[in-house]
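First comes the structure, then the notes that go with it.
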Amino acid sequence: MEQRINQTDTASTVPSGARRSNEPTLGVESTIPPLASLRVALFYTCLVDMMRPEIAFASVRLLEDAGCKVEVPLAQTCCGQPGFNAGDQHVARDLALQWLGMFESFDYVVVPSGSCAGMVRKHYSELFRHDPDLRIRMQRLTERTWELSSFLVDVCGMQKPPGNFRGAITYHDACSGLRELGVQAQPRQLLKHMPDLTIKEMQDSRACCGFGGSFAVKYGAISASIADEKIAQIQQTGTNCVVMGDLGCMLHLEGRLRRCGDEQTRVMHVAEVLVGEYQQAAGTAAASQGEG
Numbered sequence: 031m032e033q034r035i036n037q038t039d040t041a042s043t044v045p046s047g048a049r050r051s052n053e054p055t056l057g058v059e060s061t062i063p064p065l066a067s068l069r070v071a072l073f074y075t076c077l078v079d080m081m082r083p084e085i086a087f088a089s090v091r092l093l094e095d096a097g098c099k100v101e102v103p104l105a106q107t108c109c110g111q112p113g114f115n116a117g118d119q120h121v122a123r124d125l126a127l128q129w130l131g132m133f134e135s136f137d138y139v140v141v142p143s144g145s146c147a148g149m150v151r152k153h154y155s156e157l158f159r160h161d162p163d164l165r166i167r168m169q170r171l172t173e174r175t176w177e178l179s180s181f182l183v184d185v186c187g188m189q190k191p192p193g194n195f196r197g198a199i200t201y202h203d204a205c206s207g208l209r210e211l212g213v214q215a216q217p218r219q220l221l222k223h224m225p226d227l228t229i230k231e232m233q234d235s236r237a238c239c240g241f242g243g244s245f246a247v248k249y250g251a252i253s254a255s256i257a258d259e260k261i262a263q264i265q266q267t268g269t270n271c272v273v274m275g276d277l278g279c280m281l282h283l284e285g286r287l288r289r290c291g292d293e294q295t296r297v298m299h300v301a302e303v304l305v306g307e308y309q310q311a312a313g314t315a316a317a318s319q320g321e322g
């Protein structure tokens, strides 16, 4: 990833509750700086970096389209979630300290993953419960850390995304984004403003896909069974494209789909859809034959 602007050591002074810089203020001049004057960092996550970097490039385009000045620190590494989930709080704490040093100077940190954003926002301060000074610093940073779609909608006020996508999709609500961060309406709000896209909701979009990080390794049979239930719901919608906001869930479902013989259903990150990385229609026989 290209680093757009060199970092500085200046601590952020942006209010932790800052929202849409262009929001009406009932005659009172806003004290929230415009987004273009703020430093927004993209934390692109380990999986995206190694498995699907297109998601990171799509995220940068979305943020820039929303008016942000985006920086991508090249030395970033894991947020520590695997170690934390495995009970190794020493490793998780070391990685969290690296994360703090990497991103503390930014006004916002945006993450194209509800899972990693949830780790930062909900669990980092727990790692420093015996160190009040570090805990305060961490809390200040985690309050400025956002999952991508919620940042675009709740902070930037984005309505119409820059890309186009023709066809029907169904949306899976990944557990961490939904349950830890309340991400559900935001991606749909953006998708519904794409005129050529139709959302066909599955029976229970909130049901787990069975991944759960190390859960899929420790309890493979249970994980596969849960994934099969989710796949059945996807297929019942009649679409051949399922969209979500977490690459872990994407890899899990795509792997299970292919293992079960489904080579047609595409599994996409919401950022890819919003920038229009794929222009072919999803879920229509006419499009698959090249019509339109």
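Each residue of the sequence shown is one higher than the one before, starting from 31 at the first, in my numbering. The C-beta atom is built at its ideal place from N, Cα and C for all residues, glycine as well.
- With fewer than 16 other Cβ atoms from the protein chains shown falling within 10 Å of its own Cβ, GLY212 counts as exposed.
- Beta-carbon to beta-carbon, VAL90 and LEU72 are separated by about 6 Å, close enough to satisfy the 8 Å threshold.
- In the three-state scheme derived from DSSP, where H, G and I count as helix and E and B as strand, LEU127 is classed as helix.
- The alpha carbon of ARG165 has as its nearest neighbour, out of VAL140, GLU173, SER155, LEU93, the alpha carbon of SER155.
- Counting along the chain, GLU101 sits inside the beta strand (DSSP E) bounded by residues 99-101.
- Rounded to whole angstroms, the Cβ separation of VAL305 and PRO192 is 6 Å, and the two are in contact under 8 Å.
- The C-alpha of CYS146 lies about 14 Å from the C-alpha of PHE133.
- Taking C-alpha positions only, GLY197 is separated from LYS190 by approximately 17 Å.
- By the 16-neighbour rule on beta-carbons within 10 angstroms, THR107 is exposed.
- Of the residues GLY268, ALA254, ALA301, the one whose Cα lies closest to the Cα of LEU283 is ALA254.
- A residue is called buried when at least 16 other Cβ atoms come within 10 angstroms of its Cβ; PRO142 meets this threshold and is buried.
- The straight-line gap separating the alpha-carbon atoms of GLY268 and LYS152 is approximately 36 Å.
- Taking all protein chains shown into account, LEU157 has 16 or more neighbouring C-beta atoms within 10 Å of its C-beta and is therefore buried.
- Note that the C-beta distance between LEU208 and GLN214 is below 8 Å.
- The Cβ neighbour count for HIS299, taken over all protein chains shown within 10 Å, is at least 16; the residue is labelled buried.
- Under the rule that a run must span 4 or more residues, the alpha helix (DSSP H) segments found entirely inside the region 61-118 read 76-81, 84-95, 111-115.
- Distance check between SER244 and each of LEU68, PHE114, MET80 places PHE114 closest, using alpha-carbon atoms only.
- For the pair of segments examined, the region 261-275 was found to touch the region 287-295: the number of CB pairs separated by less than 8 Å reaches three.
- Of the residues assessed, MET80 falls on the exposed side of the cut-off, its CB having fewer than 16 other CB atoms within 10 angstroms.
- Between the alpha carbons of LEU277 and CYS76 lies a distance of about 10 Å.
- The C-beta distance from PHE195 to LEU171 rounds to 34 Å, too long to meet the 8 Å contact threshold.
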